[in-house]
Amino acid sequence: MSNKTDETFVNQLLSQMTLEEKLGQLNQVNPGDRFDSSLLREGKAGSLINASGALTGQGFSDSGSAELSNHFQQLALESRLKIPLLFGRDVIHGFRTVFPIPLAQAAAFNPHLARQAASVAAREATASGIKWTFAPMLDIARDPRWGRVAEGNGEDPFLGAQMAGAVVQGFQGDDLSAPDALVACAKHYVGYGAAEGGRDYENGEISEPTLRDIYLPPFRAAVQAGAGTLMSAFIDLNGIPATANRRLLTDILRGEWGFDGFVVSDWESVKELIQHGVAEDEAHAARLALQAGLDMDMVSGVYLNTLGESLQRGKISIEEIDEAVRRILRIKHRAGLFAQPFTDPLRAPRDLLTPEARSLARDFARQSMVLLKNDRDLLPLKGFRRILLAGPFVHARGELFGTWTPDGRAEDVTPLDEALRQTAPNSVELWFAETSDLALHLAHHADAVVLLLGEHPARSGENCNISDLSLPPGQAEFVQAMAALGKPLALVVFAGRPLAITSQVQVVDAALYAWHPGIEGGAALGEILFGIASPSGRLPITFPRATGQIPIYYNRKNSGRPINPQGEFRTRYLDLPPSPLFPFGFGLTYTRFEYSNLTLSSDTLRGALAISAEVTNIGACAGTEVVQLYVRDLIGSLTRPIRELKGFQRITLQPGESRRVSFTLREEDLTFTRADGAFGVEPGNFHVWIAPDSQSGLPGKFRL
Ligand code: NOJ
7 MSNKTDETFV NQLLSQMTLE EKLGQLNQVN PGDRFDSSLL REGKAGSLIN ASGALTGQGF
67 SDSGSAELSN HFQQLALESR LKIPLLFGRD VIHGFRTVFP IPLAQAAAFN PHLARQAASV
127 AAREATASGI KWTFAPMLDI ARDPRWGRVA EGNGEDPFLG AQMAGAVVQG FQGDDLSAPD
187 ALVACAKHYV GYGAAEGGRD YENGEISEPT LRDIYLPPFR AAVQAGAGTL MSAFIDLNGI
247 PATANRRLLT DILRGEWGFD GFVVSDWESV KELIQHGVAE DEAHAARLAL QAGLDMDMVS
307 GVYLNTLGES LQRGKISIEE IDEAVRRILR IKHRAGLFAQ PFTDPLRAPR DLLTPEARSL
367 ARDFARQSMV LLKNDRDLLP LKGFRRILLA GPFVHARGEL FGTWTPDGRA EDVTPLDEAL
427 RQTAPNSVEL WFAETSDLAL HLAHHADAVV LLLGEHPARS GENCNISDLS LPPGQAEFVQ
487 AMAALGKPLA LVVFAGRPLA ITSQVQVVDA ALYAWHPGIE GGAALGEILF GIASPSGRLP
547 ITFPRATGQI PIYYNRKNSG RPINPQGEFR TRYLDLPPSP LFPFGFGLTY TRFEYSNLTL
607 SSDTLRGALA ISAEVTNIGA CAGTEVVQLY VRDLIGSLTR PIRELKGFQR ITLQPGESRR
667 VSFTLREEDL TFTRADGAFG VEPGNFHVWI APDSQSGLPG KFRL
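Structure, rendered in structure tokens:
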């Protein structure tokens, strides 16, 4: 939050600025091909975006470097007031060291690791001249058709908020002015995941209670963790584009939450207010956004080009401009840019892709993979002499990265086949086949088969929406044909979203969801397949049986005729069970855990309540369980979700080992947006579960 030094400095600087220089600070430019660098010398740009635009990460990348940033910074420092530039870039799940995609990170249910990964990304990015990342992406997503589901933490506000706080702290550290601290940008504020039909950029409608209780909590957590900036969403939410939404950008964000950083638009989204049909021209668009509380215009140029005239015509006030400039200068000052505008070019060779970073990436990939099925304990693969690994991912390198990795390099990745060879026991012969023809031929002579299928990163990410959640063309047929051979069969899926793999899961013996696991994904997968590590990820989002089940999420509400496939006049599908393929929170391990003896410290919650249960490893090997705490508020002035996640803990137990796992539930954990519009609790009866996933667990009850 603001401190006095920042404010004195900022106000002093502001008092010396011309109108043009002020508008310059509100202007973020893209140094593309026809870049006019005189903008920098004249103080007409506050920030540069070091990205080649919305397609970065899908093969159209350029690279951030200290030399490049220093070159531009030098020009900015030749301007009259020498105000340094803030260099922004999409550092989404790592920089040169690519970590698993954010959705996979959420699957690890390990915010501590996410924080460490973000701090590695911060060190690498800042060594390359970047001081501001457009992350974390905190959009709650209940629709896996939407390509950007890969970039967020899934469907749950509690898990989303935990990840938000951790990642912001990881990027920013304790002191934003430290050379290796990266300014965070919580995006896309807000409701972007509710785009209709899973179509990116589309409009959405979210009721006030759902907005408050589901979509906002991760952003609030990011603000509480000190996020320096937020990005407005492209979405038209309930009829008001987020970029021009004063209630969101000012009343809630600053009024209720006390945010004192700045808000940047998304790419040209200020100008796009014209397309939305709320602004008649560029000047109008710029005014609407500024007056809503949107401080920096990402690359559309309309702030720089029109706000001066709007001021002259008395349509906006100088105080409104000053406030936006003040917020931007405040973050620049807090980020130490005035004291240290340049990046030491000697840092990059030292700070990029260190062995520690790689090992963290491997650990994260390992913890994020989710075992969905494991009949007759096929995995880990033991006792097979010849194992065939087949499918389009067998030689994958950069394909393991996932979306948004402009700074990852395929040559840094050990190809998947090689990584598997390195992790397999010597006694095992591994065969590889990329095409299905070859694979089906070789399979006859193999003792077990592992299929490496899923979606290419280019089928995931911004505007990579799909209308059908099936595996990409040909893959389902491949699975069926292989299954028909009757060999022990495991399926590994690489993907940026939940895919509807119902029929595949039925015919294989084992299924492992590997997501897009990042630079060390191959080794992590090998360790899991061959039993060096045990899978411990859990689903951060519900897996539907079929595309038509969307939206399907665990924290839904009962209807007056709750789901019941047998009941003729109950919520159901005629052609599908109502349940998901796999519920939120679900994931198997190589061992089994038993839950027993749920205990509550009291039958009434007064301030706080301790809830605990015993978890025992009843299998034959060590394993990690993600123990989850859920509650249900039975009666409310507004209908309440049938379950809400309120806590989780990762615990590792040796065979036979037991541990009592304890959670503290506080009164504030039970707050929600009530019928009277206030945020608070309502006394009454609650159910509680300590559970391995959102559909099972040991039940208990208490009163508030
Ligand atoms: C558009 C995307 O929506 C946003 O997430 C990204 O940060 C910007 N482009 C900048 O590349």
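Residues in the sequence shown are numbered from 7 upward in steps of one, following my numbering.
We put the beta carbon where it would ideally sit given N, CA and C, even for glycine.
Note down the Cα distance separating L582 from P550, rounded to an integer number of angstroms.
To locate residue 582, count along the sequence shown from 1; it is residue 576. To locate residue 550, count along the sequence shown from 1; it is residue 544. Between L582 and P550, the alpha-carbon positions lie close to 11 Å from each other.
Have a look at the DSSP bridge pairing and note the partners of V456.
On the sequence shown, residue 456 is found 450 positions in, with the first residue counted as 1. Beta-bridge pairing links V456 to L395, A496.
Go through the segment 358-408 residue by residue and report every complete run of the alpha helix (DSSP H) that reaches 4 residues or more, in order.
Listed in chain order, the complete alpha helix (DSSP H) runs (minimum 4 residues) inside the segment 358-408 are 361-374.
Uninterrupted beta strand (DSSP E) stretches inside the segment 513-558 (no shorter than 3 residues)
You should have 516-519.
Could you tell me if the beta carbon of D96 falls within a distance shorter than 6 Å of some heavy atom in the ligand ZN?
Ligands displayed in this structure: the ligand NOJ; the ligand ZN is not among them.
Mind reading off the beta-carbon distance from P661 to A628? Whole number of angstroms is fine, and I expect it under 8 Å.
Within the sequence shown, residue 661 is the residue found at index 655, counting from 1. Within the sequence shown, residue 628 is the residue found at index 622, counting from 1. Yes, they are in contact, since the Cβ atoms of P661 and A628 sit about 7 Å apart, within 8 Å.
CA nearest to the CA of E424, picked from L395, D443, L29, L119:
Position 418 of the sequence shown, counted from the start, is the residue given in the question as residue 424. The option with the nearest alpha carbon to E424 is L395.
Give me, in chain order, the residues of the same chain whose beta-carbon lies closer than 8 Å to that of K652; leave out the 5 immediate sequence neighbours on both sides.
Taking the sequence shown and counting its residues from 1, the one referred to as residue 652 is at position 646. Taking K652 as the centre and dropping the five residues before and after it, the same chain places the C-beta of F164, L635, Y636, V637, F669, L671, D675 closer than 8 Å to its C-beta, in chain order.
Can you find the residues in the same chain that come closer than 6 Å, C-beta to C-beta, to A517, ignoring five residues on each side of it along the sequence?
To locate residue 517, count along the sequence shown from 1; it is residue 511. Result list for A517: L378, K379, L497, V511, in chain order.
Rounded distance between the beta-carbons of E600 and I617, thought under 8 Å:
Indexing the sequence shown from 1 puts residue 617 at position 611. Indexing the sequence shown from 1 puts residue 600 at position 594. By a beta-carbon distance limit of 8 Å, I617 does not contact E600. Their separation comes to about 18 Å.
In the DSSP assignment, what residue or residues form a beta bridge with W6?
No statement about residue 6 is possible, as the shown extent of the chain runs from 7 to 710 and does not include it.
Can you list, in chain order, the stretches of the beta strand (DSSP E) that have 3 or more residues and sit fully within the segment 74-101?
For secondary structure counted as the beta strand (DSSP E) over 3 or more consecutive residues, the segment 74-101 holds these complete runs in sequence order: 92-95.
Are E461 and P478 closer than 7 Å when you measure CB to CB?
The sequence position of residue 461 within the sequence shown is 455, counting from 1. The sequence position of residue 478 within the sequence shown is 472, counting from 1. Yes, the pair counts as a contact, with Cβ atoms nearer than the cut-off.
Between the Cα of S509 and the Cα atoms of G554, L531, L587, which residue gives the shortest distance?
As a position in the sequence shown, residue 509 is number 503, starting the count at 1. The option with the nearest alpha carbon to S509 is L587.
Which parts of the segment 575-658 are runs of the beta strand (DSSP E), unbroken and 3 residues or longer, counting only runs that do not cross its ends?
Qualifying beta strand (DSSP E) stretches, in chain order: 599-606, 614-623, 629-639.
Residue from T139, L310, D12, A482 with nearest C-alpha to A51
If you number the sequence shown from 1, residue 51 lands on position 45. Nearest to A51 by alpha-carbon distance, out of T139, L310, D12, A482, is L310.
Please state if the CB of A167 and the CB of L236 are separated by a distance shorter than 7 Å.
Translated into the one-based positions of the sequence shown, residue 236 becomes position 230. Translated into the one-based positions of the sequence shown, residue 167 becomes position 161. At least 7 Å separates the beta-carbon of L236 from that of A167.
Looking at the ligand NOJ, does it come within less than 6 Å of L101, judged from the CB to the closest heavy atom?
Translated into the one-based positions of the sequence shown, residue 101 becomes position 95. A quick correction: the sequence has Phe, not Leu, at residue 101. Taking the Cβ of F101 as the reference point, every heavy atom of the ligand NOJ lies at 6 Å or farther away.
With a CB to CB cut of under 6 Å and the five nearest residues on each side skipped, what residues in its chain are close to V104?
By 1-based counting over the sequence shown, the position of residue 104 is 98. These residues qualify, in order along the chain: F407, T411, G414, G524, I525.
Do you know offhand how far S121's Cα is from R364's?
Taking the sequence shown and counting its residues from 1, one reaches residue 121 at position 115. Taking the sequence shown and counting its residues from 1, one reaches residue 364 at position 358. According to the sequence provided, residue 121 is Arg. The question's Ser does not apply to it. If I take the Cα positions, the gap works out to 15 Å.
Taking the beta carbon of K28 as the centre, do at least 16 other beta carbons fall within 10 Å, making it buried, or is it exposed?
For this step, residue 28 is matched to residue 22 along the sequence shown. By the neighbour-count rule (16 or more Cβ atoms within 10 Å), K28 is buried.
Residue nearest to V270 in terms of C-alpha spacing, selected from E362, P571, A239, H99:
Start at 1 with the first residue of the sequence shown, and residue 270 comes out as number 264. Nearest of E362, P571, A239, H99 to V270, Cα basis: A239.
Under 7 Å, do L545 and V376 count as touching if we go by C-beta distance?
Here residue 545 is taken as the residue at index 539 of the sequence shown, counted from 1. Here residue 376 is taken as the residue at index 370 of the sequence shown, counted from 1. Cβ distance < 7 Å, so L545 and V376 count as in contact.
Let's test the definition: count the other Cβ atoms within 10 Å of the Cβ of N17 and tell me whether it reaches 16, buried, or not, exposed.
On the sequence shown, residue 17 is found 11 positions in, with the first residue counted as 1. By the neighbour-count rule (16 or more Cβ atoms within 10 Å), N17 is not buried but exposed.
Whose C-beta lies closer than 8 Å to the C-beta of D609 among residues of the same chain, with five residues either side of it excluded?
The residue labelled residue 609 in the question sits at position 603 within the sequence shown. Within its own chain, the residues whose Cβ lies closer than 8 Å to the Cβ of D609, once the five positions on either side in sequence are excluded, are K707, F708, R709, listed in chain order.
The ligand NOJ heavy atom lying under 6 Å from the CB of D303
What you label residue 303 is simply residue 297 of the sequence shown in a count that begins at 1. Checking the Cβ of D303 against the ligand NOJ gives no.
Under the three-state DSSP convention, the category A195 falls into
If you number the sequence shown from 1, residue 195 lands on position 189. The sequence as given places Tyr at residue 195; Ala does not occur at that position. Of the three classes helix, strand and coil, the one that applies to Y195 here is strand, per DSSP.
Do you know how far the Cα of D357 is from the Cα of L640?
In the sequence shown, the residue the question calls residue 640 occupies position 634. In the sequence shown, the residue the question calls residue 357 occupies position 351. Whole-angstrom Cα-Cα distance: 52 Å.
Per DSSP, what are the beta-bridge partners of L243 in this structure?
To locate residue 243, count along the sequence shown from 1; it is residue 237. Looking at the DSSP output, L243 bridges to G210, I246.
Exposed or buried, what is N561 when buried is set at 16 or more other beta-carbons lying within 10 Å of its beta-carbon?
Translated into positions along the sequence shown, residue 561 becomes position 555. Sixteen is the threshold: when 16 or more other Cβ atoms of the shown chains lie within 10 Å of the Cβ of N561, as they do, the residue is buried.
Environment of Q80 [buried if 16+ CB atoms lie within 10 Å]
Here residue 80 is taken as the residue at index 74 of the sequence shown, counted from 1. Per the 10 Å Cβ criterion, exposed.
Report the option in S702, P698, E13, A190 whose CA atom is closest to the CA atom of R332.
Here residue 332 corresponds to residue number 326 of the sequence shown, with the count starting at 1. In this structure, E13 is the residue among S702, P698, E13, A190 with its C-alpha nearest to the C-alpha of R332.
Looking only at DSSP bridge pairs, what is F669 linked to?
Position 663 of the sequence shown holds residue 669. Bridge partners of F669: I617.
Taking just the CA atoms, how far does G204 sit from F15?
As a working mapping, residue 15 is identified with position 9 in the sequence shown. As a working mapping, residue 204 is identified with position 198 in the sequence shown. The alpha-carbon atoms of F15 and G204 are separated by roughly 45 Å.
Quick one: is the Cβ of F268 within less than 6 Å of any heavy atom of the ligand NOJ?
Residue numbering aside, residue 268 sits at position 262 when the sequence shown is read from its first letter. Not so, every heavy atom of the ligand NOJ lies at least 6 Å from the Cβ.
I'd like the list of long-range same chain contacts for A614, defined as Cβ closer than 6 Å, with 5 residues on each side in sequence excluded.
Taking the first residue of the sequence shown as position 1, residue 614 is located at position 608. Within the same chain, A614 has close Cβ partners T670, R672.
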